[in-house]
Each structure stands twice: as structure tokens, then as C-alpha cells.
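Numbering (our numbering), first residue to last: 2 to 474. Structure first, commentary second.
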């Protein structure tokens with residue numbers, strides 16, 4: 002449900018051999034395409050041989066952070082960028098990325114999508130060794146670990162990445178700029194997406210393929226789980242992390258259900274088609290007699306289309322989304338938070354009044370937004386409300402970069418489906434089943450991370466870990 006699960010982060014990296022070229026504007030456009038993955042802060046770091054490293058970060062949307070002046074001052078043929086939603090580290094400027102620090106008589110800049118489960122333990126080790134931290138992000142931890150391996154253990158960059166990865170537990174898609182070299186790293190379980198493309202002679206790394214589309218770059222392939230890529234002699238060079246052989250694949254199912262843009266393809270699977278499949282699976286599970294199928298915009302639109310096609314029931318817009326409303330989670334009172342739902346969504350009364358409607362949403366997490374949504378729809382006086390959900394009940398928190406809630410806040414962890422239906426006071430509440438979701442995605446069940454749905458997490462977790470203490474909004 003939009004507003005209950007927060008997006009993760011988006012990363013971009015561009016490598017050009019043309020030292021006269023400035024690529025910061027292309028990073029900007031790629032980040033613009035990935036804005037849905039994070040709206041709290043944005044940043045770009047660039048490198049050229051004459052000026053060295055330049056970077057700029059700020060709070061807010063990419064259009065708020067970067068004006069012509071900032072972009073024009075970020076010169077260089079190598080660059081990385083980041084849009085952020087905080088999962089580890091508070092929402093403040095010092096936690097914006099890319100994170101930058103000195104490295105090997107120059108600088109290192111890093112942008113990270115994911116969460117390192119054992120980051121606190123690793124951070125404490127570094128503090129005991131004399132490192133001082135200026136942010137609360139995992140990225141700073143990883144940077145200092147790389148410095149330590151490179152400086153004090155005299156390892157190459159690849160060997161340093163190898164050594165650090167062996168100590169990291171969790172999820173990470175990294176773009177790393179070390180002076181004039183760009184590296185991309187994907188965690189051995191493939192929890193976070195990362196892909197590579199080419200535009201002319203330039204290579205581009207990004208979280209989603211939509212970033213390539215906007216600059217007319219040609220998608221090449223996804224970075225493999227556990228793969229490190231870097232670029233030399235107009236070629237993609239690759240190194241597979243040794244720890245990969247010990248790990249099972251655990252692609253995040255929420256990328257397909259909610260996070261990724263529908264026009265993205267992740268690990269060879271088209272997100273739009275997956276969401277159409279979800280709608281078809283919902284019809285197989287719940288063949289309801291109704292007048293119209295209505296999505297909760299925007300991420301549920303393809304699923305509603307899929308249900309409509311499978312059922313023959315017409316598809317209709319019943320909720321209009323105000324796309325100019327920013328983030329509303331900071332509203333301090335319950336009354337204001339309820340007002341925020343009305344700011345974002347408004348029912349078309351003539352499309353709903355007196356009709357039996359099938360309302361389709363991507364997920365229910367806390368349930369508070371769903372209750373406000375249903376109350377809003379009821380004001381338009383439908384004769385029946387059948388609420389179908391394209392994600393199975395979320396019964397456990399995520400520790401890999403999805404900010405959803407602690408277990409005590411998850412409605413499905415505390416109430417049965419029938420009890421939730423009664424709370425919402427609707428005619429039908431139907432969740433897609435786990436088997437049907439796996440079928441819709443089209444990936445083997447064992448290759449998906451389903452921890453928030455079945456509490457079978459792909460890594461060991463620290464003792465007594467709690468979402469309310471681990472996640473620091």
C-alpha cells in the first residue's frame with residue numbers, strides 16, 4: 002500500500018574514456034528516472050584528471066537539489082549518483098550520498114542501495130581502531146573497510162572489495178568511484194538490482210533499466226549476484242566474489258510487486274508483465290461478480306488491467322492521484338495524516354456510486370492507509386467493495402533495505418484476514434497466495450527473498466534484532 006512501504010534507493014554510475022566529456026547531466030537524467038526509489042536526498046560525484054573529485058548532495062527531490070549551477074560545476078568523464086530513502090541512518094544531509102572520503106592519495110565516492118545487517122558490529126570495530134564517523138550510513142562503514150584493506154593490508158582494489166564482501170551480511174548494490182576508476186558491485190544473493198548498459202562508447206550502471214531508456218543507452222545485461230564489474234579498454238571486466246558460491250539467490254520480491262517502475266526489466270523479468278500476471282492470478286483465486294475493476298494508482302494499475310482482462314469485467318478509473326503532492330509522512334497529527342490521503346487520492350463518485358467494485362492494491366502493511374482509503378471510497382457510495390491485494394500478507398519486517406514496520410505494527414502479523422476484513426468493513430478481502438505470487442513473477446521460489454512473508458530470511462540476523470531499533474527513520 003502506497004505510503005506504508007517506503008522505497009529504497011537508486012544508484013547510477015557512468016564511465017567514459019573521453020576525458021573532455023562531462024557526464025553529470027546524464028547522471029542527473031538517470032537519477033530523475035529513478036526518483037521513485039528515493040525522495041529524501043540526492044547527490045552526484047564526478048571525477049576528471051585535471052580537477053579530481055567534485056561532488057554535491059542535498060535534501061529533497063533531484064529537481065530541488067540540482068540547479069544549472071550545481072550541474073555545471075560537476076565536471077568529469079566519470080560519475081556516480083544516488084537518490085535516497087533512509088533505511089539505516091536518519092534523514093539528514095550528512096547521511097546523503099554519495100559518501101566521499103580520502104583514499105589512496107585521492108578520493109573514494111560510494112553510492113549504496115541496501116542495508117548491511119551487521120553494520121553496527123563492523124562500525125564498532127572500526128571505531129575501536131580509531132576511525133571517526135560523520136554519518137550514520139552503511140556506506141561510510143564500507144568505505145572505511147575498503148580503506149583499511151587497501152592501505153594497511155596492501156591489497157588491490159579488487160582484492161579489497163573481495164575481503165570486505167566476505168565480512169558483509171545483508172544487501173548491497175554499490176557504485177564506487179575511486180579516482181578515475183568506476184566499479185559496480187552486487188551482493189552475492191542478488192537482493193538488490195543492478196544492471197549495465199552502453200551509450201556510444203560510455204558504460205552506464207543503474208538500479209533499473211528505465212535509467213538507460215531515458216538517455217537512450219542500450220541495456221547489455223544485469224550484473225550477476227556476487228559480481229564486481231569495472232571498465233578498461235572499452236570492455237566490461239568482471240570478478241566474481243568468492244563468497245558467492247556459499248550463498249543462495251534471494252531476489253527481493255517487492256521489486257516486482259511495488260518498488261520498480263513497471264517499465265523496468267529486472268533479472269530478465271519484465272515488471273509490467275509480472276504485475277499483469279498478478280492480476281490474472283487474483284482472478285483465478287477470487288472470480289468475483291462485479292461492475293468495475295479499479296486500481297489504487299499508480300503501482301496497482303497493471304494488476305487491475307490483468308484482472309480486468311482475465312475476468313472480462315471492465316477496467317475503470319475510480320481514484321484520481323494528485324501527482325504533485327510530496328511526501329506526507331512528516332505530518333504531525335493523525336488528522337493531518339488522514340488529510341494527506343485526501344490530498345493524494347480523490348474518488349470519482351460517478352464511477353463508483355451504486356456499483357459493485359473490485360479495488361486492487363499492491364500490498365497492505367500497517368493497514369492504516371488501507372483503512373483511510375476504504376473510508377474514502379465508501380464516501381462515493383459503492384454497493385459492494387471487494388478489496389484484492391497483489392502481495393501476500395506481510396507478517397515480518399525486512400532487514401535488507403525495505404522500510405516497512407516493526408512486527409507489532411504489521412497488521413497481518415497481529416490479525417487474521419477475516420479480522421482485517423471486519424476492521425475495513427468490506428464485502429471481500431483477498432490476498433494473493435505465496436504460490437500464486439511466485440507463479441506471477443516466474444522465478445523459482447528458492448531464488449526469491451520472501452522473508453517478510455514467511456520469516457525465512459536469507460541471512461543470519463543479529464540476536465534480538467528488532468525493526469524498531471534497526472530501522473532509524
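A virtual CB, placed ideally from N, CA and C, is assigned to each residue, including glycine. In this text the structure is predicted, and so the values were computed from the model without any measurement.
Practice problem: Could you please give me the residues that DSSP links to residue 83 through a beta bridge? | Solution: Looking at the DSSP output, residue 83 shares a beta bridge with 12, 44.
Quiz prompt | Local Cβ density within 10 Å of residue 189, reported as buried at 16 or more and exposed below that | solution = Buried, since its Cβ has 16 or more Cβ neighbours within 10 Å.
Exercise. On a CA-only basis, which of 266, 259, 310 is nearest residue 297? Give me that one, please.
Key: From the listed residues 266, 259, 310, the smallest Cα separation to residue 297 is found for 259.
Quiz item: From residue 89 to residue 287, what does the alpha carbon distance come to, in whole angstroms?
Solution: Here the model assigns residue 89 a pLDDT of 45, short of 50, so the residue's position is not dependable and the matter cannot be decided.
Exercise. Quick one: measure Cβ to Cβ for residue 187 and residue 224, integer angstroms, because I've assumed they're closer than 8 Å.
Key: Right, their Cβ atoms sit about 4 Å apart.
Quiz prompt | Best match in 171, 353, 51 for proximity to residue 249 [C-alpha to C-alpha] | solution = Checking every option, the nearest Cα to that of residue 249 belongs to 171.
Quiz prompt | Bridge partners - residue 32, DSSP secondary structure assignment | solution = Bridge partners of residue 32: none, in fact.
Self-check item: Proximity below 8 Å, CB of residue 414 to CB of residue 397
Solution: Cβ atoms of residue 414 and residue 397: closer than 8 Å.
Quiz prompt | Rounded C-alpha distance that separates residue 115 from residue 16 | solution = The alpha-carbon atoms of residue 115 and residue 16 are separated by roughly 23 Å.
Quiz item: Is the region 343-360 touching the region 374-389, taking contact as three or more C-beta pairs under 8 Å?
Solution: Proximity of the region 343-360 to the region 374-389 meets the contact definition, three or more beta-carbon pairs being nearer than 8 Å.
Self-check item: Identity of the residue in 264, 154, 308 nearest residue 105 by Cα
Solution: Closest in alpha carbon position to residue 105, among 264, 154, 308, is 154.
Exercise. Use the C-beta contact count for residue 423: other C-beta atoms within 10 angstroms, 16 or more gives buried, fewer gives exposed.
Key: That one is exposed.
Quiz item: How big is the Cα-Cα spacing for residue 310 and residue 428?
Solution: Roughly 22 Å between the two C-alpha positions.
Quiz prompt | Within 8 Å, strictly: CB atoms of residue 314 and residue 342 | solution = It is not a contact, given that the beta carbons lie outside the stated cut-off.
Exercise. Let me know if residue 150 comes out buried or exposed under the rule of 16 or more other beta-carbons within 10 Å of its beta-carbon.
Key: Counting of Cβ neighbours within 10 angstroms places residue 150 among the buried residues, the total reaching 16 or more.
Quiz item: Mapping DSSP to helix, strand and coil, what is residue 1?
Solution: This structure does not reach residue 1, given that the chain is present from 2 up to 474, and the question cannot be answered.
Quiz item: Smallest Cα separation from residue 56: which of 102, 64, 22, 39?
Solution: Of the candidates 102, 64, 22, 39, the residue whose Cα lies closest to the Cα of residue 56 is 102.
Quiz item: Assuming residue 86 and residue 41 make a contact with CB atoms under 8 Å, what is their CB distance in whole Å?
Solution: Residue 41 and residue 86 do touch by the CB rule: their CB atoms are close to 6 Å apart, below 8 Å.
Quiz item: Is the Cβ-Cβ distance between residue 194 and residue 209 less than 8 Å?
Solution: One thing to note: residue 194 has its Cβ within 8 Å of the Cβ of residue 209.
Quiz item: What is the DSSP secondary structure of residue 292, counted as helix, strand or coil?
Solution: DSSP places residue 292 in coil when its eight states are reduced to three.
Practice problem: Check whether the region 226-246 touches the region 45-53, taking contact to mean three or more Cβ pairs, one atom from each stretch, closer than 8 Å. | Solution: Contact fails: fewer than three Cβ-Cβ distances are below 8 Å.
Quiz item: Just the Cα atoms here: how many angstroms apart are residue 408 and residue 76?
Solution: Put simply, the backbone Cα of residue 408 is about 46 Å away from that of residue 76.
Exercise. Can you grab the Cα-Cα spacing for the pair residue 284 / residue 460, in whole Å?
Key: Between the alpha carbons of residue 284 and residue 460 lies a gap of roughly 34 Å.
Exercise. Output the distance between the C-alpha atoms of residue 122 and residue 168, rounded to the nearest integer angstrom.
Key: Those two C-alpha atoms are separated by around 11 Å.
Self-check item: Option in 64, 80, 28 with minimal Cα separation from residue 53
Solution: Nearest option by C-alpha distance: 80.
Quiz item: Are residue 67 and residue 29 close, meaning C-beta to C-beta below 8 Å?
Solution: Yes. Within cutoff.
Quiz item: Is residue 1 helix, strand or coil by DSSP?
Solution: Because the chain spans 2 through 474 in this model, residue 1 falls outside it and cannot be assessed.
Practice problem: Measure the Cβ-Cβ separation of residue 279 and residue 441 and say whether it is below 8 Å. | Solution: Closer than 8 Å, so yes.
Self-check item: Proximity below 8 Å, CB of residue 449 to CB of residue 457
Solution: Taking C-beta atoms as the reference points, residue 449 and residue 457 fail to come closer than 8 Å.
Practice problem: List the residues that DSSP assigns as beta-bridge partners of residue 236. | Solution: DSSP output for residue 236 lists 233 as bridge partner(s).
Quiz item: How long is the line joining the alpha carbons of residue 162 and residue 301, rounded to whole angstroms?
Solution: Distance between residue 162 and residue 301, taken at the CA atoms: about 39 Å.
Quiz item: Which runs of the beta strand (DSSP E), 3 residues or longer, sit entirely within the region 111-190?
Solution: DSSP runs (the beta strand (DSSP E)) wholly in the region 111-190: 174-179, 182-187.
Quiz item: CB residue 185 to CB residue 230, shorter than 8 Å?
Solution: Cβ atoms of residue 185 and residue 230: closer than 8 Å.
Self-check item: When 125, 411, 291 are compared against residue 454, the one with the closest alpha-carbon
Solution: When each option's Cα is compared against that of residue 454, the closest is 411.
Quiz item: Which same chain residues, not among the five before or five after residue 322, have their C-beta less than 7 Å away from its C-beta?
Solution: Correct list, in chain order: 298, 299, 345, 346.
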